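S.K.:
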Amino acid sequence: MPSEHHARVFLESIIWAGGRYCPHCGGLRSIKLAGESSRPGLYQCSEAECRGQFTITTKTPLHATKLDLRIWISAMFIVLTSSKGISSVVMARLLGVNQKTAWKMGHAIRELMDDRNGELLPLEDIVEVDEAYVGGAPKSLSGAYNPRGKGTGKPMIFVAASRDGQARARVVADDQRATLEPVLLEWIEPTTTTLMTDGSTSYPGMRKTMASHHRVIHSNDEYANPETGAHVNTAESVISQVQRALVGVYHNLGRQHLQRYLDEIVWRWNHREQVRDVVKQWTTKAGVDREKSTTIWKPIPVLDQMRVLLQGAVGKQMRRSKEYGLCWP
Ligand SMILES: [Zn+2]
Numbered sequence: 174m175p176s177e178h179h180a181r182v183f184l185e186s187i188i189w190a191g192g193r194y195c196p197h198c199g200g201l202r203s204i205k206l207a208g209e210s211s212r213p214g215l216y217q218c219s220e221a222e223c224r225g226q227f228t229i230t231t232k233t234p235l236h237a238t239k240l241d242l243r244i245w246i247s248a249m250f251i252v253l254t255s256s257k258g259i260s261s262v263v264m265a266r267l268l269g270v271n272q273k274t275a276w277k278m279g280h281a282i283r284e285l286m287d288d289r290n291g292e293l294l295p296l297e298d299i300v301e302v303d304e305a306y307v308g309g310a311p312k313s314l315s316g317a318y319n320p321r322g323k324g325t326g327k328p329m330i331f332v333a334a335s336r337d338g339q340a341r342a343r344v345v346a347d348d349q350r351a352t353l354e355p356v357l358l359e360w361i362e363p364t365t366t367t368l369m370t371d372g373s374t375s376y377p378g379m380r381k382t383m384a385s386h387h388r389v390i391h392s393n394d395e396y397a398n399p400e401t402g403a404h405v406n407t408a409e410s411v412i413s414q415v416q417r418a419l420v421g422v423y424h425n426l427g428r429q430h431l432q433r434y435l436d437e438i439v440w441r442w443n444h445r446e447q448v449r450d451v452v453k454q455w456t457t458k459a460g461v462d463r464e465k466s467t468t469i470w471k472p473i474p475v476l477d478q479m480r481v482l483l484q485g486a487v488g489k490q491m492r493r494s495k496e497y498g499l500c501w502p
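Oh and the sequence shown: position 12 is 185 in the numbering used here, straight run, nothing missing.
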C-alpha cells in the first residue's frame, strides 16, 4: 500500500462490501465531501433527518484514530497470523509505535473479535464443556509455590467446544449450575445437543434441558468412555490454549481484560478449517501413484479472516476511560 489512501480504499472495500452506508442511521445514500477543508475519506449522509458526516472508521474501534491506517492493517495482520497471540511489547517493536499504543490497538482488534452481538451460530451436535481456574505460573516451575484452584483468587473460565471445531469461552464467577447453565444455553441449541462433561456436580441437573448427556469421571481415572464416546479432550485443549497464552504471551494481564484475551483465543480456534495434508507421495514398483495424507486443522487464509473481522466493525466503537485507558459501551 503505497499511501494511506490505498489503506482507506482497502478498508472501505471490506467494511462496505455490500455498499456504502451511514454508520449513524444506516442510510444508503451519501455524498463524498471532497472540498479542501474536509478530511480524506469523509462522506455526508443524504437522509434529511441525519445529514451526519462519517468516514470508514466512524463508530468502529478505529474511530478517530490518529494512526496511519496502514499501521492498523499491519497490526491486524500480525494478530491474525500469530499462532498464540502477540504481546504489546513485540507488537510495538514490529509496528514502530510505543507500547501503550500497541496495547490499545491489540484491545481494539480483540474487540473486533468479540461476538457480543451473538452473530455466531449456536453450537450443536456433540458439545463438550469444562471449566478451569486460569493464570499464574506453570505447574512445572519447580519449587515455585503456585497454589491452584479454589480459594486462590484466580479467575475461572467456562468453555464449550463442539467437536466440529467451534468453541466459546467466558470468564465466570464460580462453577455452580446457576452460573454455568444460562451461559451454556446462550451458546448451544439444547434440543440437538449431546453434552459431554466431566464428573462435576454442576452438570447432572442440566441433563433435563439437553437432548442427552454423557460424563467421564476423572476422579475414577476415566478420561474417555469408548461406549458413549464421552470425553472432554476438545474443551480441555481450548483451556490449555488459554493457559499457554496467559503464561507465555500475555504476562500479568489484568483480570478486567481477561475476557478480551479469551475472545482472541477463541477467535483463533473458530477460524480454522480441516484440510487434507499430503505427508508422503510415492510410486509403487507396479507404477501406481500412492499418497499418504492426514487431516489437520489450519487457520483460514488471513485475508478471509480480516474480512470477517472488519465486517462487524461498525457499532464497536471504544471510549477512553480514566482507569484502564479503554472502556466499552
Ligand atoms: Zn445517516
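Where is the CB? At the ideal position from N, CA and C, for every residue including glycine. Quick caveat: nothing in here was measured; it's all calculated off a predicted structure.
(1) Could you work out which residue in A486, M379, T274 is closest to V356 when comparing CA atoms only?
(2) So, are the CB atoms of D337 and A408 less than 7 Å apart?
(3) On a Cα-Cα basis, can you pick out the residue from G208, R212, P234, H197 that is closest to C218?
(4) Considering only their Cβ atoms, is the gap separating I187 from R441 smaller than 7 Å?
(5) Which word fits P377, buried or exposed, when buried means at least 16 other C-beta atoms lie within 10 angstroms of its C-beta?
(6) Return the chain-ordered list of same chain residues with a C-beta closer than 6 Å to the C-beta of M369, the five sequence neighbours on each side being excluded.
(7) Grouping DSSP H, G and I as helix and E and B as strand, with all else coil, what is A180?
(8) Locate the alpha helix (DSSP H) running through A281, then write down its first and last residues.
(9) What is the residue span of the beta strand (DSSP E) that P363 lies within?
(10) Given that a residue counts as buried once 16 or more other Cβ atoms are within 10 Å of its Cβ, and exposed if not, what is I390?
(11) Output the boundary residues of the alpha helix (DSSP H) element that contains R266.
(12) Closer than 8 Å by C-beta to H133: which residues in its own chain qualify, once you throw out the five before and the five after it? Chain order, please.
(13) Run the proximity test for G192: is its beta-carbon closer than 6 Å to any non-hydrogen atom belonging to ligand 1?
(14) Give the single residue among E284, A248, L253, E292 whose Cα lies nearest to the Cα of N271.
(15) Please classify E354: does DSSP put it in a helix, a strand, or coil?
(16) So which residues touch the region around ligand 1, with touch meaning a C-beta under 5 Å from any heavy atom?
(17) If you scan the stretch 182-256 from start to end, which runs of the alpha helix (DSSP H) of 4 or more residues do you find wholly inside it?
(18) Alpha carbon to alpha carbon, how far is A463 from V451?
(19) Tell me the start and end of each unbroken alpha helix (DSSP H) in the stretch 379-413 that is at least 4 residues and wholly inside, in chain order.
(20) According to DSSP, is S315 helix, strand or coil?
(21) If T367 and I299 are in contact, beta carbons under 8 Å, what's the gap, nearest whole angstrom?
(22) Are there 16 or more other CB atoms within 10 angstroms of the CB of S466, so buried, or fewer, so exposed?
(23) Give the single residue among K277, I244, R283, L253 whose Cα lies nearest to the Cα of L165.
(24) Just reading off the alpha helix (DSSP H) that V481 is part of, what are its end residues?
(25) So for E292, helix, strand or coil by DSSP?
(26) Is it buried or exposed for P234, if we count other Cβ within 10 angstroms and need 16 for buried?
(27) May I have the straight-line CA-CA distance separating F250 from E400, to the nearest angstrom?
(28) Applying the criterion that 16 or more other CB atoms from any shown protein chain within 10 Å of the CB defines a buried residue, is S261 buried or exposed?
M.R.: Once the coordinates are examined:
(1) Position 183 of the sequence shown, counting from 1, holds the residue named residue 356. Selected option, being the one with the closest Cα: M379.
(2) Along the sequence shown, read from residue 1 onward, the residue named residue 337 stands at position 164. Along the sequence shown, read from residue 1 onward, the residue named residue 408 stands at position 235. In this structure, A408 does not lie closer than 7 Å to D337 by Cβ.
(3) Translated into positions along the sequence shown, residue 218 becomes position 45. Considering only alpha carbons, the answer is H197.
(4) Looking up residue 441 in the sequence shown gives position 268. Looking up residue 187 in the sequence shown gives position 14. No, the pair does not count as a contact, with Cβ atoms beyond the cut-off.
(5) To locate residue 377, count along the sequence shown from 1; it is residue 204. So P377 counts as exposed.
(6) Within the sequence shown, residue 369 is the residue found at index 196, counting from 1. Taken in chain order, the residues that qualify are E301, H387, A403, V405.
(7) Taking the first residue of the sequence shown as position 1, residue 180 is located at position 7. If DSSP states are grouped into helix, strand and coil, A180 belongs with the helices.
(8) Translated into positions along the sequence shown, residue 281 becomes position 108. 272-286 is the span of the alpha helix (DSSP H), which, as asked, contains A281.
(9) Position 190 of the sequence shown, counted from the first residue, corresponds to residue 363. Its beta strand (DSSP E) spans residues 361-370.
(10) By 1-based counting over the sequence shown, the position of residue 390 is 217. The residue is exposed, with fewer than 16 neighbouring Cβ atoms inside 10 Å.
(11) By one-based count along the sequence shown, residue 266 stands at place 93. Here the alpha helix (DSSP H) through R266 covers 261-268.
(12) Since the displayed the chain opens at 174 and closes at 502, residue 133 lies outside it and no answer follows.
(13) Residue mapping note: residue 192 aligns to position 19 of the sequence shown, counting from 1. Incorrect: G192 has no Cβ contact closer than 6 Å to ligand 1.
(14) To locate residue 271, count along the sequence shown from 1; it is residue 98. Of E284, A248, L253, E292, the residue nearest in Cα terms is A248.
(15) Position 181 of the sequence shown, counted from the first residue, corresponds to residue 354. In the structure shown, E354 sits in a helix (DSSP, three-state: H, G or I).
(16) C195, H197, C198, G200, C218, E220, C223, G225
(17) 242-254
(18) Working through the sequence shown from its first residue, we reach residue 463 at position 290. Working through the sequence shown from its first residue, we reach residue 451 at position 278. Ala is not the amino acid found at residue 463; the sequence shown has Arg there. Approximately 10 Å between the Cα atoms of the pair.
(19) none
(20) Residue numbering aside, residue 315 sits at position 142 when the sequence shown is read from its first letter. Since pLDDT at S315 reaches only 49, below the 50 mark, its modelled position is unreliable, and no value is offered.
(21) Indexing the sequence shown from 1 puts residue 367 at position 194. Indexing the sequence shown from 1 puts residue 299 at position 126. With a Cβ gap of about 5 Å, T367 and I299 count as contacting.
(22) Position 293 of the sequence shown, counted from the start, is the residue given in the question as residue 466. By the neighbour-count rule (16 or more Cβ atoms within 10 Å), S466 is not buried but exposed.
(23) What the structure shows of the chain is the stretch from 174 to 502, and residue 165 is not part of that stretch, so it cannot be assessed.
(24) Taking the first residue of the sequence shown as 1, we reach residue 481 at position 308. Note, V481: alpha helix (DSSP H), 475-484.
(25) In the sequence shown, counting from the first residue as 1, residue 292 sits at position 119. DSSP places E292 in coil when its eight states are reduced to three.
(26) Counting from one through the sequence shown, the residue named residue 234 turns up at place 61. Classification for P234: buried.
(27) Locating residue 250 in the sequence shown gives position 77, counting from the first residue. Locating residue 400 in the sequence shown gives position 227, counting from the first residue. So the two alpha carbons sit approximately 44 Å from each other.
(28) Position 88 of the sequence shown, counting from 1, holds the residue named residue 261. The residue in question, S261, is buried, as its Cβ has 16 or more Cβ neighbours within 10 Å.
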